[in-house]
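Engineer:
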Amino acid sequence: MIGLIGKKIGMTRIFLDNGSAVPITVIKVEENRITQIKKFEIDGYQTVQVTVGVKRNRLLKNSEIGFFKRVAVSPGKFLKEFKDNSIKEERYRIGQKVGLDVFYNLKRVNISGISKGKGFCGTVKRWNFKTQDASHGNSLSHRVPGSIGQNQTPGRVFKGKKMAGHMGNKRITIKNLKIIRIDEKKGLILIQGSIPGGINCYVIINPAVSP
């Protein structure tokens, strides 16, 4: 089973039959168009490549123009490959449109996206460090990280040390998110909880593998 590319619309809440309020994220799934089918005999692995959206011709590279023209599929904003071991069953073909019907028998999904960028952040915001004393002789070291080094041996800062730096703007995957509702007519899928990325950002929806 392949995944889909969707666009994060925003968050809201719905009430279940037992009266409890559940926070949900609304994802808009436009038509995903298959652009390439890679098989193990030719490519060494089996995937289904899809695209979504519409990209203006003046923004396309020559290689992209040639690729989309060869497969006779309208140019999309980007390409994504999904692993599928059932390609031999001829379930897919180039140019085929894939929608939310592939998720009908699913209860949980994994969602990947680019988290919101926060810029250069200190250790208090980035790593939840505790601040130092507000007074009692502390004048300029309220939010400093403290010691980061060692002695003469090893005489360096270890890799991975939690320090100030760029926060966010990284690919994040959240697993086993529950599907609350699917509206195929409107192309919407409602996911319980939050997902990475801002509004109108594209996210990758994969079937959850682990229980």
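The opening residue of the sequence shown carries number 903 in the numbering used here; numbering runs sequentially from there. Even for Gly, the Cβ is constructed at its ideal location relative to N, Cα and C.
1) Can you list, in chain order, the residues of its chain whose CB lies under 7 Å from that of residue 933, leaving out five sequence neighbours each side?
2) Label residue 925 either buried or exposed according to how many other C-beta atoms from any shown protein chain fall within 10 Å of its C-beta, with 16 as the threshold for buried.
3) Looking only at its chain, what residues have a beta carbon closer than 7 Å to the beta carbon of residue 1045, apart from the 5 residues adjacent to it on each side?
4) Which ranges does the beta strand (DSSP E) cover as unbroken runs of at least 3 residues, wholly within the segment 948 to 1026, from first to last along the chain?
5) Let's test the definition: count the other Cβ atoms within 10 Å of the Cβ of residue 982 and tell me whether it reaches 16, buried, or not, exposed.
6) In terms of residues, what are the limits of the alpha helix (DSSP H) holding residue 917?
7) Secondary structure at residue 1028, three-state DSSP: helix, strand or coil?
8) Just checking my contact of residue 903 with residue 1003 at CB under 8 Å: how many whole Å lie between their CB atoms?
9) According to DSSP, residue 927 sits in a beta bridge with which residue or residues?
10) Can you tell me which of the three DSSP states residue 1074 falls into?
11) Report, in whole angstroms, the separation of the C-beta atoms of residue 939 and residue 994, which I expect to be a contact under 8 Å.
12) Should the segment 1058 to 1073 be regarded as contacting the segment 1011 to 1018, the criterion being three or more beta carbon pairs within less than 8 Å?
13) If residue 963 sits next to residue 979, beta carbons under 8 Å apart, how far is it from one beta carbon to the other, in whole angstroms?
Structural biologist: In terms of the structure at hand:
1) 999, 1001
2) exposed
3) 1024, 1026, 1033
4) Runs found: 949 to 954, 980 to 985, 1010 to 1016, 1021 to 1023.
5) buried
6) Per DSSP, residue 917 belongs to no alpha helix (DSSP H); it is in the beta strand (DSSP E), 906 to 917.
7) helix
8) About 11 Å; that fails the 8 Å criterion.
9) 913, 1093
10) strand
11) 6 Å
12) yes
13) Their Cβ separation, rounded to whole angstroms, is 13 Å, which puts residue 963 and residue 979 out of contact at 8 Å.
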